[in-house]
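When we follow UniProt numbering, the leftmost residue of the sequence shown carries the number 1, and every step to the right adds one.
Using N, Cα and C, we set each Cβ at its ideal position, and we do this for glycine too.
Only a predicted model underlies this, so the values are computations on that prediction, with no experimental measurement involved.
In what follows, a single structure is set out as structure tokens and then discussed.
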Amino acid sequence: MSLFWRIFLLNAAVLTVATALLLLGPVTVSTPVLLAEAAVLGAGLASMLVANAALLRLTLTPLRRLTRSMAEIDLLRPRPRPAVAGYGEIADLIRTFNTMLDRLEAERAASAARALSAQEAERRRIAQELHDEIGQTLTAVLLEMKRVGDHASEPVRDELHQVQETTRGSLDEIRRIARRLRPGVLEELGLASALKSLADEVPTHEGLTVRARLEPDLPQLDPETELVVYRVAQEGLTNSIRHSAAEHADVTLRRSACGVELRVRDDGRGLRGAPEGAGIRGMRERALLIGAELTIGPGPAGGTEVALDVPVRKRG
């Protein structure tokens, strides 16, 4: 039965009962209306309105819950679907909304996967060019300066030595950037070694000390999942360096009931109600790709905690 006919029949039933009571009951209306008759009619009208309101609220409550779910929905933070309740058009509307959410989340996941895949490919290309082109060029410059310095006079030799140190520092920085763009240690030695290397590579001049706490005998993860865990840890440390003014940070990777969990905690000033930026949104998109749950909030002792709970897929 459609919503129109349900509401129409509810009101018709209430009015029919009221008319029958007026015609068949002992209540009559005088001219002019007596006070007792007005009281009886007022009580009857109030009863009809209460009954009508109760029936309409019961009918439209599922629609109100659906409206609240529509206002709060976020595709990057999946929640349980609204339960199908009510009858007729309302139930069909809730089912259609749930189907639409399934389709939107699937399309978003597919598009995010393509975008992140293209991003990783571009990072690999840039890292390769930094290593092969600029890195080799600077290495050649260092060798040439050393050759020239060996035949130069003492004052010129000292100046060339200073230029060599500056160039060597630039070369080390380029190599560090290339490693962050393309974590070769992740592909060669695995996730634990990559996280240790990530913690060790935080520049000391940033004023942040990072400790990596990694449990042994962790479940084996597929390459896509390892890359997501690494990128989330990398972005969490980047936020600690840039925004938190923290002095200490911990990167923890341990076994959980359903897989592994990553925690990046710092002792900085916390989020303070700041809106989520592109980095956090990117972490949420990566977490969705592997079915992980990402939580960002205050840590147990203050600061900020990034928590990634990763389920381990059982291999058949």
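Rounded separation between residue i and residue j - CA only
{"i": "leucine 55", "j": "arginine 65", "result": "17 Å"}
{"i": "alanine 113", "j": "asparagine 11", "result": "53 Å"}
{"i": "glutamate 173", "j": "threonine 252", "result": "26 Å"}
{"i": "valine 228", "j": "glutamate 154", "result": "53 Å"}
{"i": "arginine 176", "j": "leucine 93", "result": "54 Å"}
{"i": "alanine 245", "j": "glycine 277", "result": "17 Å"}
{"i": "valine 40", "j": "arginine 6", "result": "29 Å"}
{"i": "isoleucine 126", "j": "glutamate 120", "result": "10 Å"}
{"i": "proline 300", "j": "leucine 294", "result": "17 Å"}
{"i": "leucine 160", "j": "threonine 167", "result": "10 Å"}
Distance between beta carbons of residue j and residue i, contact taken as under 8 Å
{"i": "asparagine 98", "j": "proline 82", "result": "7 Å"}
{"i": "histidine 243", "j": "threonine 209", "result": "With a Cβ gap of about 17 Å, histidine 243 and threonine 209 do not count as contacting."}
{"i": "arginine 211", "j": "aspartate 266", "result": "Contact flag wrong, Cβ pair sits at about 11 Å."}
{"i": "threonine 304", "j": "leucine 271", "result": "6 Å"}
{"i": "valine 260", "j": "leucine 218", "result": "6 Å"}
{"i": "aspartate 309", "j": "serine 256", "result": "6 Å"}
{"i": "leucine 289", "j": "alanine 46", "result": "With a Cβ gap of about 58 Å, leucine 289 and alanine 46 do not count as contacting."}
{"i": "leucine 171", "j": "glycine 135", "result": "6 Å"}
Spatial neighbours of residue i in its chain, beta-carbon cut-off 6 Å, leaving aside the 5 residues before and after
{"i": "alanine 51", "result": "Val14"}
{"i": "alanine 192", "result": "Leu214"}
{"i": "leucine 130", "result": "Ile174, Ala178"}
{"i": "valine 312", "result": "Pro219, Gly259"}
Assigned secondary structure, residue i (DSSP; H/G/I helix, E/B strand, else coil)
{"i": "leucine 15", "result": "helix"}
{"i": "isoleucine 174", "result": "helix"}
{"i": "threonine 304", "result": "strand"}
{"i": "proline 311", "result": "strand"}
{"i": "threonine 31", "result": "coil"}
{"i": "arginine 180", "result": "helix"}
{"i": "alanine 212", "result": "strand"}
{"i": "residue 317", "result": "Outside the displayed range of the chain (1 to 316) lies residue 317, so it cannot be described from this structure."}
{"i": "glycine 207", "result": "coil"}
Contacting residues, own chain, Cβ-Cβ under 7 Å from residue i (five flanking each side not counted)
{"i": "arginine 123", "result": "Leu181, Arg182"}
{"i": "serine 69", "result": "Pro82"}
{"i": "glycine 236", "result": "Val264, Val306"}
Beta-carbon proximity list for residue i, same chain, < 8 Å, skipping 5 on both sides
{"i": "tyrosine 230", "result": "Pro183, Leu186, Leu191, Ala194, Leu195, Leu198"}
{"i": "glutamine 164", "result": "Leu142, Met145, Lys146, Gly149"}
Alpha helix (DSSP H) runs contained entirely in the stretch 33-112, provided each spans 4 or more residues: Listed in chain order, the alpha helix (DSSP H) elements of length 4 or more contained wholly in the stretch 33-112 are 35-72.
Residue ranges of each beta strand (DSSP E) within the stretch 219-302, 3 or longer: Scanning the stretch 219-302 for uninterrupted beta strand (DSSP E) segments of 3 residues or longer gives 248-255, 259-266, 293-298, listed from N- to C-terminal end.
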